[in-house]
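Undergrad: This structure is in structure tokens; I'll ask about it shortly.
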Amino acid sequence: MPAAARSACHPGVTLTNDDRCGAPWLVRTDRLELRAVRLADLAPLHAINHDPRTWSHLPEGRHLDEATTRAWIERAVDVWESDGMGYWTARLGAGGPVIGIGGASYQDASGYWNLYYRFDPAHWGHGYATELSRAALDAAHRHAPERLVAAWVDDHNAQSRAVVQKLGLADHGLRTHPVLGDPVRLWADRPVPPADPDRPPRE
Numbered sequence: 001m002p003a004a005a006r007s008a009c010h011p012g013v014t015l016t017n018d019d020r021c022g023a024p025w026l027v028r029t030d031r032l033e034l035r036a037v038r039l040a041d042l043a044p045l046h047a048i049n050h051d052p053r054t055w056s057h058l059p060e061g062r063h064l065d066e067a068t069t070r071a072w073i074e075r076a077v078d079v080w081e082s083d084g085m086g087y088w089t090a091r092l093g094a095g096g097p098v099i100g101i102g103g104a105s106y107q108d109a110s111g112y113w114n115l116y117y118r119f120d121p122a123h124w125g126h127g128y129a130t131e132l133s134r135a136a137l138d139a140a141h142r143h144a145p146e147r148l149v150a151a152w153v154d155d156h157n158a159q160s161r162a163v164v165q166k167l168g169l170a171d172h173g174l175r176t177h178p179v180l181g182d183p184v185r186l187w188a189d190r191p192v193p194p195a196d197p198d199r200p201p202r203e
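Residues 1 to 203 in full-length UniProt numbering are what the sequence shown lists, from first letter to last.
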């Protein structure tokens with residue numbers, strides 16, 4: 001991959017190697033700088049994950065202490081090292097303030113890319129979730145195009161439903177969430193195999 005490559009699918013997205021992190025991606029969209037999550041991001045990411053407004057659809061997932069966020073980041077860093085792609089820290093512009101987290105990360109329990117985001121409520125309503133998610137979808141298609149990209153969306157989460165619809169993902173109905181174990185609506189970028197107790201093998 002060249003040092004900087006324009007996205008064929010979304011001309012507003014640039015992919016570059018981040019030398020300070022080694023192999024992980026650095027992605028710049030029209031308004032966001034998306035960089036592989038790292039422990040240096042602990043304070044702002046904990047503030048976002050500690051805010052109950054960001055967990056209104058899954059209150060039990062809220063990070064009650066900084067140690068929980070640290071453990072989450074450490075797992076995310078491990079994913080970057082093993083897969084070469086995972087969740088980003090989202091900044092407003094190059095070197096700007098941290099406003100969110102998200103991206104596409106390989107989910108062992110399903111065998112899919114898991115599309116995910118969470119933003120500081122002060123920055124809701126500006127289309128950043130769609131911008132980040134579009135960049136994640138494009139990066140996933142480049143990095144491992146054979147893997148399905150999935151988004152698990154609660155039926156009551158109208159905002160996230162609007163995002164996946166803008167991305168062109170298809171509704172595949174209620175499926176058992178591979179981690180939560182509850183029925184959650186699955187959206188994906190291609191046909192999804194019938195529900196099966198055995199997850200797809202990892203490539």
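Cβ atoms here follow ideal geometry from the backbone N, Cα and C, with glycine treated the same way. Please read all numbers here as calculations on a predicted model, not as lab measurements.
Out of K166, V179 and G86, which has the shortest C-alpha to C-alpha gap to R35?
TA: Nearest C-alpha to R35: G86.
Undergrad: Give the list of continuous alpha helix (DSSP H) stretches no shorter than 4 residues that lie fully inside the stretch 66-104.
TA: 66-83
Undergrad: Assuming the contact rule is C-beta atoms closer than 8 Å, P183 and R190 should be a hit. Round their C-beta distance to whole Å, please.
TA: The distance from the Cβ of P183 to that of R190 is about 21 Å, inconsistent with a contact at the 8 Å cut-off.
Undergrad: Is the Cβ-Cβ distance between T29 and A94 less than 8 Å?
TA: Taking 8 Å as the Cβ cut-off, T29 and A94 do not qualify as a contacting pair.
Undergrad: Between the C-alpha atoms of P194 and I99, what's the straight-line distance to the nearest angstrom?
TA: 37 Å
Undergrad: Return the CA-CA distance between A188 and R118, expressed in angstroms with no decimal places.
TA: Each residue's Cα considered, the two are about 19 Å apart.
Undergrad: For D120 versus T89, is the C-beta distance shorter than 8 Å?
TA: no
Undergrad: Taking only runs of the beta strand (DSSP E) that begin and end inside the stretch 107-177, which ones reach a length of at least 3 residues, in chain order?
TA: 112-119, 149-153 and 170-176
Undergrad: Going straight from the alpha carbon of Y154 to that of R185, what length do you get?
TA: Here residue 154 turns out to be Asp, not Tyr, going by the sequence shown. So the alpha carbons of these two residues sit roughly 6 Å apart.
Undergrad: What's the call for R75, buried or exposed, on a 16-neighbour Cβ count within 10 Å?
TA: Sixteen is the threshold: since fewer than 16 other Cβ atoms of the shown chains lie within 10 Å of the Cβ of R75, the residue is exposed.
Undergrad: Considering just the uninterrupted stretch of the beta strand (DSSP E) at L32, what are its terminal residues?
TA: L32 to A36
Undergrad: Which same chain residues, not among the five before or five after P97, have their C-beta less than 8 Å away from its C-beta?
TA: P44 and R91
Undergrad: Report the rounded CA-to-CA distance for L169 versus S133, giving the unit in angstroms.
TA: Distance between the alpha carbons of L169 and S133 is about 11 Å.
Undergrad: Less than 8 Å between the C-beta atoms of L115 and A150, yes or no?
TA: yes
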